Structures are given as structure tokens and as C-alpha cells.
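Top line first, the protein sequences correspond to chains A and B. Going by our numbering, the first residue of the first sequence is number 16, and it counts up by one from there. Going by our numbering, the first residue of the second sequence is number 1024, and it counts up by one from there. We treat Cβ as the ideally placed atom computed from N, Cα and C, and that holds for glycine. What you are looking at is a predicted structure, and each value in this text was computed from that prediction instead of being measured. Beneath this line is the structure, given in C-alpha cells, with notes to follow.
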Amino acid sequence: MKKFVAVLLCVLMMLSAMIPAAMAEDMVTVSLYIPTLAPYTEEAIQKVQAAINEHLAENYGIQTKLVYIEIGNFEQAANLAMTTPELDITCYFTDGGQLANYVRNGQLIDLTDRFEAAPDEVKSVFTEAELKASSMNGKLYGFVRKYQYGGYETVVMNKDIVEEMGIDAASIDSMDKLGEVLYQVHEAHPEIYTLVPQSSKDMTWIRPYIRSVGLTTFGFLNNADHGELTDTQIKSMFETDSFRDFCAYTNKWYNDGLIMADAISNTREGSDMVTAGAAFATLHNADIDPLEMFYPNTVTGGIIVDPMANCADIGNLQFGISSNSAHPDEAFTLLCALYTDAKLHTLLSFGIEGEHYVLNADGKAEYPEGMTAENEPYGGFTASATYPNYLLNPVRATATVDDYAATVAEWDDSVRVPAAFGFFYDTSDKGDFVAAYKNIEEKYRDVLLTGTVALDDVLPAIQSELTAIGFYDVIADMQAQLDAYLAEQA
Amino acid sequence: MSKKKRGGAVAIKPEGSWGNVWSHRELYLMLLPGLIYLVINNYLPIGGLVMAFKQFDYSKGIFGSPWAGLKNFKFLFATRDAAIMIRNTLGYNAVFIVLGTVLAIAVAVIMNELRNKSAQKLYQIFILIPYLISMVVVSYIGYAFLSTDAGFINKSLLGGQRLNWYMTPKYWPFILTFIYLWKTFGYNSIIYYATVIGIDTSLYEAAVIDGANRWQSLWHVTLPGLRPTIITLTLLAIGRVFYSDFGLFYQVPMDSGLLYDVTTTIDVYVYKGLIVLNDVGRSAAAGFFQSICGFLLVMAANLVVSKLDKDSALF
């Protein structure tokens, strides 16, 4: 009898495992690789994946497998996965030259023909600028994340100190005014750091004081405050006026004890230190959503550098299909759906309604009762920046606008785009140069931006090292191509 | 057929190498998992070295990608960083081999002199612990000591002086050497200790009868007994002098740009250069270069050893 029951249970278990497999057998599964900006539990991912697959089965006849990878390991893990058919769709960051690398290494499929044949509903999602930002040599390799372009530079300050000292936060709209406040705070609160890097040893992420050009990591133009966006003279980062000015401020502040002494070996997030009261301020980049929404106990200053964008800002995160994908057609179907299907995208980014988020009476999304960013198991609600098209999602209750799509469109129109936008410099035969340049940049960039050393003290050495790797020859070639491009555009 | 006595009975043992394998089949079966692992992990990847000579294209795979000749090797020598990273890699390894060996032998000998077995085991555990700590954790321990604002050295030993260690390259050859030795001497000393306790005790007794003091016993009995182990471990270390502990040179100095001249080794340069390129061809070329140089050095060192003392040579 026992044997009979055991055999019966085994058969039932096998059948239960086989039935869903048989049901999904006819459908192709497309994997989707996404970096995590917030905590996700495996259980929550599986639940959301099941809900998405139900929707995909009904509407597209495909299935998906969600692969979330911690953002710090994402590029390496995705690169490895791209050598196999395991990865179909991945997102990638372009500000480090990743699109150029992927194209050079044959890692992405050319989407040009597929996009041409796609329905108008898909084509109308992207502006001309966005399509340019994900193209190389006239071929389209991915879709940019729908998001506001670029941002402005501001400062995030500890609310308690701002209130205690009666600081007029909105009036801090230049580095000079920021300096005045920092000196006052340093005098009143010498026990805390006055200014800390935005993240680890990175003084500020987006670096609005310089603009990379040609989708490279080594050619730069001055920023808006130091020349019009029509400036087209390519230089090294270290030789732009705007970089020099920024470093002059930070170097003085560092020498006067305003910037944390361990800035170049710091491992903490600036906003965490400000929130916790261990530091007074950190430079930050902001766009539509107010930073106070993300960082409790903080006050945001005025605009230090006006909103602006460069080529990498417009498409700084893109989604493409691996050239080793076993199912490129189905992957393209899913990719298009992610940009057009609101239900699918909301499921993917917010999770399941009622479980991971709820809609309030105004139709705005918020955490279910008792849940916060810290304990919600599907982190997408706080990490919508890593999904393809957050404009399809319901507006969050904490948002300051009612219509994201309209606000983003307005924002994008107001953001200035450099004259060199759309120019692409081919680095496919310059791998040795890029590797050598990267070492020089990493050697000097952060120590200069944190003010740890003075630019004038190391500039001759930098220029000598740049000369040794043939930097100025490359820049001259790049400049000639940019001039020709601009002449053609005119 | 040969005959062999086993437990009084006469066993028939098949002749020839396969016959020998069959008669020891249980032992060979036990060997099999290790052998399979060795082939999969150590020998099959050798085929991947072909990537060092390919312009690797992800869509075409290893064998479909076009040949690149020696182009992938160029980036290692394209800049003046080449001299710095090769100097650092070889220089640190030379210091690590010499000091690491001396320290490990010294600790092994001292351990052997301890008569209290419990204390001996306790010390072994303590000196082995650093070897088991991840280099990332070590980097934070280092930071706790070296932080400008809150580090133990500045706060306690230098009386609040704000010496910025992560900006001062001249200290780092000593800091890195100290950390390397602290982390590895325990493990290495156990290998030497295992050899020391295996030395025939009658040799020590004879030395005592001959009137030798402890230093003389050490010099004339212990060190000669350790010589084969020293030579073997040194030869193995020489095979890896073109490699470096990435964590030690990247994590511990917190990737501080001002320290690059004394912390950039071949592995660190390759990592930093190629993380932006996703170029496996260049990575394979760097690995190929390190392996070939290490192989040639081991062959040369073994040749020298075999000329001086044939019995101590590896092959």
C-alpha cells in the first residue's frame, strides 16, 4: 500500500510539473536582463514573472525570464551572458562607451530593418534625437530608455542644519554661493564633514561641467557656463575651462578642510551621510522629481548648472538584443511591447497591483499600507529609472506633476543639446588607445575633482602622458571629422 | 602471467600497463573525479588561448572570429605604463618570495620549538586566519588603520596628525608588502612546519651529542632538511611572478589614482583598461603573455637548480 501511494504521488508530481511545461512548450521564452537599483526578493521576481507571462501568453504568444543583477556587477555579468544564447534582451549604459564596444565586438544585432517594419505605434515612441543616440554608422542597435534628458547640478543639504542656521537653500545657485554657505557651516559644525562626494570618490555623477563628444570617453567640450553649447573645440577633460574652474573651487575647499579628507578613498554614498547628519552637503544631479522625495531629512539648493544634456545623456541607458540570441524575432516583439504596452510595463516595473503597489483614489501609485522602499519585496517601484518606458506607468503619489509624459516632453524641449549631437567617432581600431587613456583618466580625474590635488600641479604630467599615448593626434583626427560633420549639417 | 603472493594465496596478476591499471582499478577509480576536474578545469581552457590571436566577435564565436595576429598583445606595451606595471609586478613578487619564504621558515621553526601542544595549535589557528579573509575585507581593515580622519594610525599613533596615506605613494610598497606577508605567512609556514616535523629526530639527537647548540642545529639540520621544500615552493612561485594578487593591488589602495605608479601591476592594468572595452581577445593575450613568461622562468630556474643540485630540481 505504501509503495502504491508513493508511486502515485511521484506520478502526480511529475504530471503537475509537466502540464505547465507542456502549456508553455509552444511558446518561446525571451530572457530580459535588468540591473537592480533596489532590493528584489526572488519570490517577488517569480510572482511578477508569472503575472507577466500570463499577459504575454495572451497577447504576444511568448514568455519571458526576468534576470535581475546587482548594478555593480551588471555589465560584467551581461557581457558573459552575451557569449551564450542565455541572454536575449539586455540594457546597457552608454556613458562609458558601451554602445561603441558592443557594436565593435558584434554583441548587438542591427535593429534597423526590424524597426523600419515595426508598426507606427512603436515608431512614434522615439524622437529623432533618441534614435540617433542609439545608432552608429547609420544603423540602429537599441532603443533608449524613455526618460528626461540630462539634468541640472544642485546641492543636497542636511535639513536640520539648514533650519538651524537659517540658510536660504534656493539662493544657492552658483559655486560661489555654495562656498559661502560651506564656510559658515564648517565654522559652526567642525565636527562633521562639510562637503562629501556624491558617491564613493566620485564628486558628482553626471559631470555637467564637461560634455563628452562623439560617444567617446576621451573627447570633451566645455559646458554651458563656460561657452555656448555651440562650442565645438574638442579637448581633453583636463584642459577644458569648466573642468579647471570646478577643480579650483574643490581644491580650495579641500585645502580649507571643507571636503572630507578621505574623499579619494571614500566608499559611502554622499546622500546617506547627509541624511544621517554625518555630512552637511553633497553635490547632486537632479531632474523633474525633487530630490527630497528620495532623501529624507534633506533640502535641495538652487540650480548651480542649468539643465543640459550631451549625446550620452539622451541615450545613457538603452535596451538591445544580443547577437547570440536564439530568438531575435521574439526578442524584438518583447522589446517593442515594453515600449508600448502600459500593462506589461507597469507589471514589470511596479510589480503586481495590490501586492507591490496600490492605486489611490486619484489613480496615483503608492506603497501598500505598511510598506516602504525598505521592505517592499519588488524594488521596481523605487527603481523605475532602469526600465524601458516609465512614462507608461501610473504617476506615483509622491510625484509633483500630474502628467509625466507632458512634463517630460516639456523638460526635454527645454534641455539644451550640444551642437555636436549626432556626431559619432569610430573607435573600433583604437582599443589600445582607449585602454591607455582610461588609465590616465582614472589616475587623475577623481583626485582633481575632489580637490585633493591642484590641477596646475599635475597638468604638465597629464599632458606629457597624453602626448605619449598619441592623444592629441587622435583628438586632431576627431576634430577634423567633427568639423566635417558640422559643415555637412549646416 | 606473473604470480604474486597475497595473504598466503597465489594471485594471478595480468601483465602490461592496462593489466596494471585493472589490478589497481579501485585506486584509479578514486583518481577519476580529480582527473576529470583537472582536464576540464586546467587543460580544456588551454584551447581558449587561441582567443589571444583573434579579433573576437561575439556573434561569430571563438573559431569563427577573424585572426588578429599579435595585435592583441600590443596594448600591453603601447604606453610607458608598460615599464611601470612590469617593474611593479616583478618587483613586488621578488620581495614577496624572498621575505615570504624567510618569514614562513622562521615561524615554522619557532612553532617547532614550542613544547606546549595546545598553544602550538592555537597559534596555528591565529596565524592562518588572515589567509582566510577576503581581500575586500582586508582593504577595509587597512582603511580602518589608514583613514586620514578616523584611522587608528593617525588618531592613536601619530597623535591626531592628518597624514593622507592614500595620497602618498612612498609608503605603499611597504604597506602592500606588510599586508601580503601578514596575510600569507601563516599558510606558508604551515607547509614548512609540516616539513620540519618530518625531519628525522635522530639527526637532532646526533647534533646534540656532537655538541651543537640550537642555532647550529637549525643551520646544519633544519635548513638542509627544508631545502627541497624551499626550492619547490620557490620554483612554483617563480612561475607566477608575472601575476599579482588583484585584490591586494586594486582593493587595498582603494584604487587611489595618486598611488597608481606603485600599485599598477599587469593584472590591475589589464582590468582597468579592458573593463571599458569588453575585449576578451586582449584579456586572453595578457593571460597568454603572463603564462608564457612564467613558464619560461620556471624552466630557466629549474635548469639552474638542476645544475647546482640535480635532486632538488622539479624535473
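Neighbour-count burial assignment, I1261/B, 16 or more Cβ in a 10 Å radius: buried
Chain A contacts from the region 1271 to 1288 of chain B (Cβ-Cβ distance under 7 Å): M1277, S1279, G1280, L1281, Y1283
P322/A, buried or exposed, once every other Cβ within 10 Å from all chains shown has been counted against 16: buried
Burial state of H1047/B, where buried means 16 or more other Cβ atoms lie within 10 Å: exposed
C-alpha gap between L463/A and C262/A, whole angstroms: 6 Å
Buried or exposed by the 16-neighbour rule on C-beta atoms within 10 Å, applied to A1229/B: exposed
Which residues DSSP lists as bridging G166/A, in chain order: M323/A
Cβ neighbours of L52/A in the same chain (closer than 8 Å, five flanking residues each side left out): I86, G394, T397, A398, A400, T401
Near-chain B residues of the region 443 to 466 of chain A (beta-carbon distance less than 8 Å), N- to C-terminal order: G446, D447, F448, V449, A450, A451, K453, N454, E457, K458, Y459, R460, D461, V462
Burial state of V1044/B (16 or more Cβ within 10 Å): exposed
Beta carbon of H299/A nearer than 8 Å to that of V171/A: yes
8 Å contact criterion, which A293/A and I207/A should meet: CB distance rounded: 6 Å
Sequence-distant residues of its chain with Cβ nearer than 7 Å to L501/A (five each side left out): T247, A434
Integer-rounded CB distance, given that I1214/B should sit under 8 Å from T1353/B: Residue 1353/B cannot be examined here, being either before or after the span of chain B that is shown, 1024 to 1338.
Y1283/B versus Y459/A: straight-line alpha-carbon distance, rounded: 10 Å
L1126/B and F1197/B closer than 8 Å at C-beta: no
L363/A classed as buried or exposed, judged by whether at least 16 other C-beta atoms fall within 10 angstroms: buried
Cβ separation of V314/A and V177/A, assumed to be a contact under 8 Å, to the nearest whole Å: 5 Å
CB contact below 8 Å: A1324/B versus chain A: no
The ligand FAD heavy atom lying under 7 Å from the CB of T361/A: As for the ligand FAD, it is missing from this structure, which has no ligand bound.
Distance CB(K161/A)-CB(L406/A) smaller than 8 Å: yes
Rounded separation between D447/A and I274/A - CA only: 36 Å
Chain-ordered chain B contacts of S280/A [CB-CB under 7 Å]: Y1166, Y1189, M1277, S1279
Where T1102/B meets chain A, residues with beta-carbon distance less than 7 Å: A451, A483, I484
Cβ neighbour criterion (16 or more within 10 Å) applied to M1190/B: buried
Integer-rounded CB distance, given that F1265/B should sit under 8 Å from T1124/B: With a Cβ gap of about 19 Å, T1124/B and F1265/B do not count as contacting.
Cβ-based neighbour list, I1222/B, same chain, cut-off 6 Å, excluding 5 preceding and 5 following: G1248
F1269/B vs Y1292/B beta-carbon contact at 8 Å: no
Pairwise C-alpha distance: N331/A and L1145/B: 55 Å
Pair within 8 Å by beta-carbon distance, S215/A and N281/A: yes
6 Å CB neighbourhood of Y1273/B in its chain, flanking five on each side removed: V1291
Any 3 or more C-beta pairs closer than 8 Å across the region 56 to 70 of chain A and the region 357 to 377 of chain A: yes
Minimum C-alpha distance to V1275/B - residue among S1157/B, Y1081/B, G1092/B, V1132/B: S1157/B
8 Å Cβ shell around L1226/B - same chain, five flanking residues per side excluded: V1244, G1248
S1040/B at chain A interface by Cβ criterion, 8 Å: no
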